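K.L.:
In the working numbering, the protein residues as written are 2 to 319. Input: one structure, supplied below.
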Ligand code: BYC
């Protein structure tokens with residue numbers, strides 16, 4: 002019996018093989034990937050903003066260079082991810098329009114303010130830490146271009162995470178005021194970092210299908226739990242306290258149980274009503290508009306090169 006295209010596709014997924022851009026795929030698989038990859042790309046771009054505004058205020062030249070390199074890396078991640086999404090047939094300008102008009106989602110985490118230098122440490126340690134936990138499994142995602150992009154992204158993210166932890170360690174080994182600043186940053190970034198993993202599994206409409214397609218390899222709650230288990234000993238090493246009175250080690254499982262996340266806050270932020278949503282979007286739109294001349298110059302240069310090539314061919318064939 003001839004297998005349907007859908008059956009052949011699912012068999013390939015079940016054999017843990019990669020799907021490539023020219024392979025047949027169900028519309029719903031394509032749509033899910035465009036949704037996830039474009040949201041991920043937007044997160045990288047918007048993610049540059051909370052850190053970018055500390056470049057001019059970094060406490061030393063060395064810190065400034067490190068932070069500048071990190072922010073540039075995030076721009077690169079955005080580019081790999083937009084390119085991966087484009088292989089699914091969606092135009093980059095369409096994705097930008099969706100971001101700039103507020104129709105597209107991006108990670109809730111970037112709608113919180115960066116009030117002190119310690120926030121830059123906390124973002125590297127916790128936000129990049131959460132990003133790696135979520136993204137390492139995506140290196141095994143069934144869609145080839147996304148999985149391959151994630152390999153490089155994860156290498157760079159793990160460097161960012163170490164850089165952030167080192168900033169926290171320096172502050173925690175510094176003056177009492179510096180240690181207090183690190184504690185304050187942990188207090189403000191802990192819960193939003195847990196929210197990055199998305200709603201609880203019971204409230205996550207996309208997880209089941211994304212796992213059946215090998216896009217996601219673990220559920221939101223599984224990854225969140227791993228993140229908590231990884232971070233608790235790191236906070237102990239820093240000598241600062243995780244702001245959760247319900248955090249408790251289960252001796253039998255070796256896992257930490259933790260308090261209830263404020264899901265109302267999460268959905269408010271996702272729906273555009275977080276502390277910085279409006280500022281982030283305005284800054285992003287301004288950056289896009291200010292960069293118009295660069296895109297125009299690049300297009301003019303590409304057209305000139307193309308014309309030169311055509312002229313050379315014309316001369317050769319004359
Ligand atoms: N913020 O059914 P669910 C980074 C949405 S790290 C906003 O569980 P899914 C970086 C979700 O989109 C951050 N929205 O969805 C780090 C869905 O809405 P739609 C980016 C969220 O897709 C350092 C609805 O809630 N990382 O880039 O199965 C520096 C229901 O959720 C959030 C990625 O994007 C949230 N936190 O799972 C710079 C990783 N959580 O689309 C940059 C790739 C959920 O149905 N993405 N929503 O309207 C993923 O792994 C998955 O998409 C998620 C959500 C785990 C995030």
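From the three backbone atoms N, C-alpha and C, an ideal C-beta is built for every residue, glycine too. As the structure is a prediction and not an experimental result, all values here were calculated from the model.
#1: Compute the Euclidean distance between the alpha carbons of residue 157 and residue 314, then round it to the nearest angstrom.
#2: Going straight from the alpha carbon of residue 236 to that of residue 188, what length do you get?
#3: Give me the Cα-Cα distance between residue 129 and residue 119, rounded to the nearest whole angstrom.
#4: By the 10 Å Cβ neighbour count, where 16 or more other Cβ atoms means buried, how is residue 191 classified, buried or exposed?
#5: Can you give the Cα-Cα distance for residue 111 and residue 53, rounded to whole angstroms?
#6: Could you tell me if residue 294 is buried or exposed, where buried requires 16 or more neighbouring beta carbons within 10 angstroms of its beta carbon?
#7: Between the alpha carbons of residue 84 and residue 98, how many angstroms are there, rounded?
#8: Which complete alpha helix (DSSP H) runs does the stretch 86-161 hold, if anything under 4 residues is left out?
#9: I'd like the list of long-range same chain contacts for residue 169, defined as Cβ closer than 6 Å, with 5 residues on each side in sequence excluded.
#10: Starting from the C-beta of residue 67, find all residues in its chain whose C-beta is less than 7 Å away, skip the five residues before and the five after it, and write them out in chain order.
#11: In the DSSP assignment, the beta strand (DSSP E) including residue 258 goes from what residue to what residue?
#12: Could you tell me if the beta carbon of residue 37 falls within a distance shorter than 7 Å of some heavy atom in ligand 1?
#13: Count Cβ pairs between the stretch 5-25 and the stretch 36-47 that sit closer than 8 Å; are there 3 or more?
#14: Are the CB atoms of residue 224 and residue 300 nearer to each other than 8 Å?
#15: Does any heavy atom of ligand 1 sit closer than 7 Å to the C-beta of residue 293?
#16: Less than 8 Å between the beta carbons of residue 229 and residue 198, yes or no?
#17: Can you find a heavy atom of ligand 1 that lies under 7 Å from the Cβ of residue 28?
#18: On a Cα-Cα basis, can you pick out the residue from 50, 91, 244 and 227 that is closest to residue 288?
#19: Taking 8 Å as the threshold (C-beta atoms), are residue 174 and residue 202 in contact?
#20: On the criterion of 16 or more Cβ atoms from any shown chain inside 10 Å, does residue 116 qualify as buried, or is it exposed?
#21: For residue 251, which beta-bridge partners are listed by DSSP?
#22: Indicate the three-state DSSP secondary structure (helix, strand or coil) for residue 216 in the structure shown.
#23: Can you find the residues in the same chain that come closer than 6 Å, C-beta to C-beta, to residue 132, ignoring five residues on each side of it along the sequence?
P.N.:
Short version:
#1: The C-alpha of residue 314 is placed about 42 Å away from the C-alpha of residue 157.
#2: Roughly 11 Å between the two C-alpha positions.
#3: One C-alpha to the other measures close to 15 Å.
#4: Looking at its Cβ environment, which holds 16 or more other Cβ atoms inside 10 Å, residue 191 is buried.
#5: Here the alpha carbons of residue 53 and residue 111 stand approximately 12 Å from one another.
#6: For residue 294, the number of other beta carbons within 10 angstroms of its own is below 16, and it is reported as exposed.
#7: One alpha carbon belongs to residue 84, the other to residue 98, and they sit about 16 Å apart.
#8: Taken in chain order, the complete alpha helix (DSSP H) segments of 4 or more residues contained in the stretch 86-161 are 93-101, 118-123 and 129-136.
#9: Excluding positions up to five away in sequence, the list reads 122, 126, 183 and 239.
#10: Counting only Cβ-Cβ distances below 7 Å, and skipping sequence neighbours, we find 164.
#11: That run of the beta strand (DSSP E) goes 256-258.
#12: Under cutoff, so the answer is yes.
#13: When C-beta atoms of the stretch 5-25 are compared with those of the stretch 36-47, fewer than three pairs fall below 8 Å, so the two segments do not count as touching.
#14: Not in contact: residue 224 and residue 300 (Cβ atoms no closer than 8 Å).
#15: Checking every heavy atom of ligand 1 against the Cβ of residue 293, none is found closer than 7 Å.
#16: No, these two residues do not count as a Cβ contact at 8 Å.
#17: Proximity of the beta carbon of residue 28 to ligand 1 is not indicated: no heavy atom of the ligand is located closer than 7 Å.
#18: Answer by Cα proximity: 50.
#19: Contact flag unset, no.
#20: With fewer than 16 other Cβ atoms from the protein chains shown falling within 10 Å of its own Cβ, residue 116 counts as exposed.
#21: Under DSSP, residue 251 takes part in a beta bridge, and its partners are 256.
#22: Residue 216 falls in the coil class under three-state DSSP.
#23: Shown here for residue 132: same chain residues with a beta carbon closer than 6 Å to its own, the five before and five after excluded, namely 158 in chain order.
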